[in-house]
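In our numbering, the protein residues as written are 533 to 715.
We treat Cβ as the ideally placed atom computed from N, Cα and C, and that holds for glycine.
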Amino acid sequence: MLNFSRAQLGVILLLGAALLLLWAWRGNFGLSPSPPSTPTLHSVYVEVTGAAARPGVYEFTEPPPLSQVAVQAGAPALIGQQGTRLSSGSKVEVTGEGQCRLGRMSGPQLLTLGLALDLNRATAGDLEALPGIGPVLAQRILDFRQQHGPFKTIDDLEQVSGIGPQKLARIKPYVFIEAKGND
533 MLNFSRAQLG VILLLGAALL LLWAWRGNFG LSPSPPSTPT LHSVYVEVTG AAARPGVYEF
593 TEPPPLSQVA VQAGAPALIG QQGTRLSSGS KVEVTGEGQC RLGRMSGPQL LTLGLALDLN
653 RATAGDLEAL PGIGPVLAQR ILDFRQQHGP FKTIDDLEQV SGIGPQKLAR IKPYVFIEAK
713 GND
């Protein structure tokens, strides 16, 4: 029979408890992000960067005009640009000359906010934020899109080498295909 001192038993119990906690923690917090959800009913997120007094990500209940975003972000030079309505995931980069460049948030940002990626606009970096997609597979997706044109359905991803039914099922909640005419 092994004879352990009280201190040795304490260390063994402490290590066992630590391993049990680590096992439980890994089971509850996987590496895959949770599927996009709607934090607030139909939230619209717009990021403002650059020469704005209050850059950041702003939440709206409906697609805001650029002028409303400019007021909130402290970019008064843009207030006169009334007509442009921004969709969720838009990025407004305010330049020092009082102008702006419109673009899209990065893939990791979109996924963090619970927004899906447009499969036909996503960059390699955006695609790499998806669970199970690394640099090689992201490039294959881009190559397929370039050779065959825009994806018509999300299921078309199965035609890309390296994407089977299981991988497609893992990434399906994180992607969408924007309806034609909304470019």
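Checklist entry - Can you tell which of Q540, R653, T685 has its C-alpha closest to the C-alpha of L674? => result Counting from one through the sequence shown, the residue named residue 674 turns up at place 142. The candidate whose alpha carbon is nearest that of L674 is R653.
Item to check | Between the CA atoms of F676 and S693 - distance to the nearest angstrom | outcome: By one-based count along the sequence shown, residue 693 stands at place 161. By one-based count along the sequence shown, residue 676 stands at place 144. Their Cα atoms are separated by approximately 9 Å.
Checklist entry - Smallest Cα separation from A583: which of F536, A607, E591? => result Translated into positions along the sequence shown, residue 583 becomes position 51. The residue with the shortest Cα to Cα distance from A583 is A607.
Next on the checklist: Can you determine whether any heavy atom of the ligand SAM sits closer than 8 Å to the C-beta of A701, and answer yes or no?
Outcome noted: Only the bare structure without any ligand can be found here, which leaves the ligand SAM out of the picture.
Checklist entry - For F708, does the three-state DSSP call read helix, strand or coil? => result Your numbering for residue 708 matches position 176 in the sequence shown. Note: F708 maps to strand in three-state DSSP.
Item to check | Distance between beta carbons of L642 and L634, contact taken as under 8 Å | outcome: Translated into the one-based positions of the sequence shown, residue 634 becomes position 102. Translated into the one-based positions of the sequence shown, residue 642 becomes position 110. About 15 Å separates the two Cβ atoms, so there is no contact after all.
Item to check | Whole runs of the alpha helix (DSSP H) within the region 621-694, excluding any shorter than 4 residues | outcome: 639-644, 656-660, 667-680
Next on the checklist: Are the CB atoms of G664 and K699 within a distance shorter than 9 Å?
Outcome noted: Against the sequence shown, residue 699 aligns to sequence position 167. Against the sequence shown, residue 664 aligns to sequence position 132. The answer is yes: Cβ separation under 9 Å.
Next on the checklist: In whole angstroms, give me the CA-to-CA distance for S575 and L645.
Outcome noted: Your numbering for residue 575 matches position 43 in the sequence shown. Your numbering for residue 645 matches position 113 in the sequence shown. Cα to Cα, the separation comes out at about 10 Å.
Item to check | CA-to-CA distance, A549 to S620, given in whole angstroms | outcome: Translated into positions along the sequence shown, residue 620 becomes position 88. Translated into positions along the sequence shown, residue 549 becomes position 17. Distance between the alpha carbons of S620 and A549 is about 45 Å.
Checklist entry - V589 and V624 look like a contact to me (Cβ under 8 Å); what is the Cβ gap, rounded to whole Å? => result Residue 589 sits at position 57 when you count from the first residue of the sequence shown. Residue 624 sits at position 92 when you count from the first residue of the sequence shown. About 11 Å; that fails the 8 Å criterion.
Next on the checklist: I'd like to know whether the C-beta atoms of P640 and R617 end up nearer to each other than 9 Å.
Outcome noted: Working through the sequence shown from its first residue, we reach residue 640 at position 108. Working through the sequence shown from its first residue, we reach residue 617 at position 85. No; because the gap between Cβ atoms is not below 9 Å, this pair is not in contact.
Item to check | Cβ distance (whole Å) where F683 is taken to contact I709 below 8 Å | outcome: Along the sequence shown, one-based indexing puts residue 683 at 151. Along the sequence shown, one-based indexing puts residue 709 at 177. Indeed they touch by this definition, with Cβ atoms about 6 Å apart.
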